[in-house]
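Visitor: Position one of the sequence shown corresponds to residue 55 (my numbering), numbered consecutively onward.
Idealized CB from N, CA, C, for every residue including glycine.
Computed from a predicted structure; not experimentally measured.
Take this structure, written in structure tokens, and hold onto it; I'll ask about it next.
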Amino acid sequence: MFQLIQRGQIYADNAGWPVIIHSVTSEIVRYWRQGRINTASIDRFNNDFEYLDPHEAAQIRAELETAEHLKRLRAMRAA
Numbered sequence: 055m056f057q058l059i060q061r062g063q064i065y066a067d068n069a070g071w072p073v074i075i076h077s078v079t080s081e082i083v084r085y086w087r088q089g090r091i092n093t094a095s096i097d098r099f100n101n102d103f104e105y106l107d108p109h110e111a112a113q114i115r116a117e118l119e120t121a122e123h124l125k126r127l128r129a130m131r132a133a
């Protein structure tokens, strides 16, 4: 199925991390992942990334925030 890739859309990479599209050309896709801009070819992007609807993206974001919060709490407890 064909899907237009546009700036601001949210996808999940092959590790399950949400990424936000920064820009797209006919050959490459630039995306934000964990505060950094990365680049992928169109072919790699089509194979390794999956579109997320806004509800799925919000759920993943909440789970990641919870995991980071738990990591901080454990670090504070160990100190």
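(1) By Cβ distance, which residues of its chain are closer than 6 angstroms to Ala111, with the 5 residues on each side in sequence left out?
(2) Could you check what DSSP says for Thr93 in three-state terms: helix, strand or coil?
(3) If you follow the alpha helix (DSSP H) that Ile59 is part of, which residue opens it and which one closes it?
(4) Excluding the 5 residues flanking Asn68 on each side, which residues of the same chain have their C-beta closer than 8 angstroms to its C-beta?
(5) In the DSSP assignment, what residue or residues form a beta bridge with Glu104?
Guide: Result, derived from the coordinates:
(1) Answer for Ala111: Ile64 and Pro72, listed in chain order.
(2) It is a strand residue.
(3) Premise fails: Ile59 is in no alpha helix (DSSP H) and is neither H nor E.
(4) Only Asp102 and Phe103 meet the Cβ criterion.
(5) As DSSP reads the structure, Glu104 sits in a beta bridge with Ala66.
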